[in-house]
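K.L.:
Going down the list, the sequences are from chains A and B.
When we follow the working numbering, the leftmost residue of the first sequence carries the number 289, and every step to the right adds one.
When we follow the working numbering, the leftmost residue of the second sequence carries the number 289, and every step to the right adds one.
Ideal Cβ positions, reconstructed from N, Cα and C, are used throughout, including at glycine.
Note that this is a predicted model, so its numbers are computed, not measured.
Protein chains: 2
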Amino acid sequence: MSDLLERLRGRGWRLTAQRRVVAEVLDGDHVHYTADEVHALATERLPEISRATVYNTLGELVSLGEVIEVSTDGRAKRYDPNAHHAHQHLVCASCGTIRDVHPSGDPLADLPAEERFGFAVSTVQVTYRGLCPACASA
Amino acid sequence: MSDLLERLRGRGWRLTAQRRVVAEVLDGDHVHYTADEVHALATERLPEISRATVYNTLGELVSLGEVIEVSTDGRAKRYDPNAHHAHQHLVCASCGTIRDVHPSGDPLADLPAEERFGFAVSTVQVTYRGLCPACASA
DNA sequence: TTCTTGACTTAGACGACGTCCAAACCCCTC
DNA sequence: GAGGGGTTTGGACGTCGTCTAAGTCAAGAA
Numbered sequence: 289m290s291d292l293l294e295r296l297r298g299r300g301w302r303l304t305a306q307r308r309v310v311a312e313v314l315d316g317d318h319v320h321y322t323a324d325e326v327h328a329l330a331t332e333r334l335p336e337i338s339r340a341t342v343y344n345t346l347g348e349l350v351s352l353g354e355v356i357e358v359s360t361d362g363r364a365k366r367y368d369p370n371a372h373h374a375h376q377h378l379v380c381a382s383c384g385t386i387r388d389v390h391p392s393g394d395p396l397a398d399l400p401a402e403e404r405f406g407f408a409v410s411t412v413q414v415t416y417r418g419l420c421p422a423c424a425s426a
Numbered sequence: 289m290s291d292l293l294e295r296l297r298g299r300g301w302r303l304t305a306q307r308r309v310v311a312e313v314l315d316g317d318h319v320h321y322t323a324d325e326v327h328a329l330a331t332e333r334l335p336e337i338s339r340a341t342v343y344n345t346l347g348e349l350v351s352l353g354e355v356i357e358v359s360t361d362g363r364a365k366r367y368d369p370n371a372h373h374a375h376q377h378l379v380c381a382s383c384g385t386i387r388d389v390h391p392s393g394d395p396l397a398d399l400p401a402e403e404r405f406g407f408a409v410s411t412v413q414v415t416y417r418g419l420c421p422a423c424a425s426a
């Protein structure tokens, strides 16, 4: 994660305690937290950090390409720190758990030119849905 | 669309003016309306229909499999009446326009068993993002 | 046809999630 | 170590969606 902080400083980021804490929270396991969960975890380390700052920082990390925004259901967006390795998501339709998966094939190549309607297509997001083992047996 | 109404009646739906109007709105072109847009269009035909009823009816149509719920951004969900033909979506990152597309290949087959983590995977949603011609030239 | 009943609808309050703003703050440079 | 502009704060606000209690009505029974 010091890597991340280095990269950010190199891009002209002013390094504040708040930003460091948010980055550290995301650096943990490859879990996909909501903004509120990030805020809760950040508060444990820096009690007075505000919700607005967490949203601002997450938005900046997304636009810098360090974090990916995932909205799997219509609910809260989740933030995926695993932005530097191409991957897709497997979501439990019941409990909402998200796992990173690595399908074979390149979905971008599967969209022929005549199906692009003149769009400049840049990214593809593939979301697999189903029941996780725990929910399937419940 | 009378097809749809027939199917719904066959499933025990009580046929009310409100439900008929919502179904008629969705039956139009293959546009992807938000719930509020559906409500606005329904209001033109049945002035006193309430927001809650539109949400209820859309939810029922989704759980009956007659309509697909699409949440492309974190904003309002959109409702896709083209539920009986497999297709994916192409979204403009700038203006939010959605088009139905038909990529080749089967993304479900691209997820090997060892990448399923015991999930019972049932559906795949593929979303292509890019700029539509109008936004690209702006 | 009329009756009856329980499913359906309604309006508005409420809740979750996210954004915006002006004032205070503080990191960084010189 | 002083100044300036980027950053943070917290609370109001906005959007999207859900819930509830009371009234209404579609559809089967007689």
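Just to confirm, is the Cβ distance from B/Ala371 to B/Gly347 under 8 Å?
P.N.:
Within the second sequence, numbered from 1, the residue matching residue 371 of chain B stands at position 83. Within the second sequence, numbered from 1, the residue matching residue 347 of chain B stands at position 59. Not in contact: B/Ala371 and B/Gly347 (Cβ atoms no closer than 8 Å).
K.L.:
Should B/Cys420 be labelled buried (16 or more other beta-carbon atoms within 10 Å of its own) or exposed?
P.N.:
Your numbering for residue 420 of chain B matches position 132 in the second sequence. With 16 or more other Cβ atoms within 10 Å, it is buried.
K.L.:
Please name the residue in A/Cys380, A/Ile337, A/Gly316 and A/Pro391 whose C-alpha comes closest to that of A/Val355.
P.N.:
Residue 355 of chain A sits at position 67 when you count from the first residue of the first sequence. The shortest Cα separation from A/Val355 among A/Cys380, A/Ile337, A/Gly316 and A/Pro391 belongs to A/Gly316.
K.L.:
A/Asp324: which of A/Ala364, A/Glu294 and A/Gln306 sits nearest, CA to CA?
P.N.:
Locating residue 324 of chain A in the first sequence gives position 36, where the first residue counts as 1. Cα-wise, what sits closest to A/Asp324 is A/Ala364.
K.L.:
Could you check the C-alpha separation between A/Pro369 and A/Leu314 for me, to the nearest Å?
P.N.:
Along the first sequence, read from residue 1 onward, the residue named residue 369 of chain A stands at position 81. Along the first sequence, read from residue 1 onward, the residue named residue 314 of chain A stands at position 26. Taking the straight line joining both Cα atoms gives about 6 Å.
K.L.:
Got a sec, what are the start and stop residues for the alpha helix (DSSP H) A/Ser351 sits in?
P.N.:
Locating residue 351 of chain A in the first sequence gives position 63, where the first residue counts as 1. Run containing A/Ser351: Arg339 to Ser351, per the alpha helix (DSSP H) assignment.
K.L.:
Helix, strand or coil, according to DSSP, for A/Asp361 in the structure here?
P.N.:
By one-based count along the first sequence, residue 361 of chain A stands at place 73. Of the three classes helix, strand and coil, the one that applies to A/Asp361 here is coil, per DSSP.
K.L.:
For the segment 386-405 of chain B, enumerate the residues whose C-beta is nearer than 8 Å to any C-beta of chain A, in chain order.
P.N.:
Arg387, Val389, His390, Pro391, Ser392, Gly393, Pro395, Leu396, Asp398, Leu399, Pro400, Glu403, Arg404 and Phe405: these are the residues of the segment 386-405 of chain B whose beta carbon lies less than 8 Å from some beta carbon of chain A, given in chain order.
K.L.:
Label B/Cys383 either buried or exposed according to how many other C-beta atoms from any shown protein chain fall within 10 Å of its C-beta, with 16 as the threshold for buried.
P.N.:
Here residue 383 of chain B refers to the residue found at position 95 of the second sequence. With fewer than 16 Cβ atoms within 10 Å of its Cβ, B/Cys383 is classed as exposed.
K.L.:
Please state the DSSP three-state secondary structure of B/Arg387.
P.N.:
The sequence position of residue 387 of chain B within the second sequence is 99, counting from 1. In the structure shown, the three-state DSSP call for B/Arg387 is strand.
K.L.:
Mapping DSSP to helix, strand and coil, what is B/His372?
P.N.:
Numbered from its first residue, the second sequence carries residue 372 of chain B at position 84. Coil.
K.L.:
Would you call the CB atoms of A/Ala373 and B/Glu403 closer than 8 Å?
P.N.:
Walking along the first sequence from the start, residue 373 of chain A turns up at place 85. Walking along the second sequence from the start, residue 403 of chain B turns up at place 115. This sequence places His at residue 373 of chain A; Ala is not what is there. No, the pair does not count as a contact, with Cβ atoms beyond the cut-off.
K.L.:
Sort out for me which residues DSSP pairs A/Gln306 with in a bridge.
P.N.:
The sequence position of residue 306 of chain A within the first sequence is 18, counting from 1. Note: A/Gln306 sits in no beta bridge, so no partner.
K.L.:
Which residues of the segment 407-425 of chain A have a Cβ closer than 8 Å to any Cβ of chain B? Give them in chain order.
P.N.:
Phe407, Ala408, Val409, Ser410, Thr411, Val412, Gln413, Val414, Thr415, Tyr416, Arg417, Gly418, Leu419, Cys420, Pro421 and Ala424
K.L.:
At a cut of 8 Å, does the segment 324-337 of chain A reach the segment 304-314 of chain A through at least three beta carbon pairs?
P.N.:
A contact between stretches requires three or more CB pairs, one per stretch, nearer than 8 Å, and the segment 324-337 of chain A meets this requirement with the segment 304-314 of chain A.
K.L.:
Put A/Cys423 into one of helix, strand or coil per three-state DSSP.
P.N.:
Sequence index remark: in the first sequence, residue 423 of chain A carries index 135 (1-based). Correct three-state label for A/Cys423: helix.
K.L.:
If you measure from the beta carbon of A/Leu292 to each beta carbon in chain B, is any gap under 8 Å?
P.N.:
Against the first sequence, residue 292 of chain A aligns to sequence position 4. False, the Cβ-Cβ gap to chain B never drops below 8 Å.
K.L.:
Using only alpha-carbon positions, find the residue among B/Ser425, B/Val412, B/Ala408 and B/Thr415 that is nearest to A/Cys423.
P.N.:
To locate residue 423 of chain A, count along the first sequence from 1; it is residue 135. Considering only alpha carbons, the answer is B/Ala408.
K.L.:
Quick one: what's B/His377 bridged to in DSSP?
P.N.:
Taking the second sequence and counting its residues from 1, the one referred to as residue 377 of chain B is at position 89. B/His377 is bridged to B/Asp388 and B/Thr415.
K.L.:
Count the other C-beta atoms from every protein chain shown that fall within 10 angstroms of the C-beta of B/Leu303, then say buried if there are 16 or more, exposed otherwise.
P.N.:
Within the second sequence, residue 303 of chain B is the residue found at index 15, counting from 1. When all chains shown are included, B/Leu303 counts as exposed.
K.L.:
Does A/Ser338 get closer than 8 Å to chain B when you measure Cβ to Cβ?
P.N.:
Start at 1 with the first residue of the first sequence, and residue 338 of chain A comes out as number 50. No - not a single Cβ of chain B is within 8 Å of the one on A/Ser338.
K.L.:
Would A/Asp361 pass as an interface residue toward chain B - the criterion being a Cβ-Cβ separation below 8 Å?
P.N.:
Mapped onto the first sequence, residue 361 of chain A falls at position 73. It does: the Cβ of A/Asp361 has a partner Cβ on chain B nearer than 8 Å.
K.L.:
Which one of A/Arg307, A/Pro395 and A/Arg366 has the shortest CA to CA distance from A/Arg333?
P.N.:
Along the first sequence, one-based indexing puts residue 333 of chain A at 45. Nearest option by C-alpha distance: A/Arg307.
K.L.:
When the Cα atoms are used, what is the spatial distance from B/Thr341 to A/Asp291?
P.N.:
For this step, residue 341 of chain B is matched to residue 53 along the second sequence. For this step, residue 291 of chain A is matched to residue 3 along the first sequence. Approximately 52 Å between the Cα atoms of the pair.
K.L.:
So the alpha helix (DSSP H) A/Ala330 belongs to, where does it begin and stop?
P.N.:
Taking the first residue of the first sequence as 1, we reach residue 330 of chain A at position 42. First-last of the alpha helix (DSSP H) with A/Ala330: Ala323 to Arg333.
K.L.:
Interface residues of chain A around B/Cys383 at Cβ under 7 Å?
P.N.:
In the second sequence, the residue the question calls residue 383 of chain B occupies position 95. Within chain A, not a single residue places a beta-carbon under 7 Å from that of B/Cys383; the smallest gap is close to 11 Å.
K.L.:
What does A/Leu378 touch in chain B if you count any residue whose Cβ is under 9 Å from its own?
P.N.:
Within the first sequence, numbered from 1, the residue matching residue 378 of chain A stands at position 90. The contacting residues are Leu399, Glu403, Arg404, Phe405, Phe407 and Val409.
K.L.:
Please report how far the alpha carbon of A/Ser338 lies from the alpha carbon of A/Val309, in whole angstroms.
P.N.:
Working through the first sequence from its first residue, we reach residue 338 of chain A at position 50. Working through the first sequence from its first residue, we reach residue 309 of chain A at position 21. About 12 Å.
K.L.:
For B/Leu296 and B/Thr322, I'd like the C-alpha separation in whole angstroms.
P.N.:
Position 8 of the second sequence holds residue 296 of chain B. Position 34 of the second sequence holds residue 322 of chain B. Roughly 22 Å between the two C-alpha positions.
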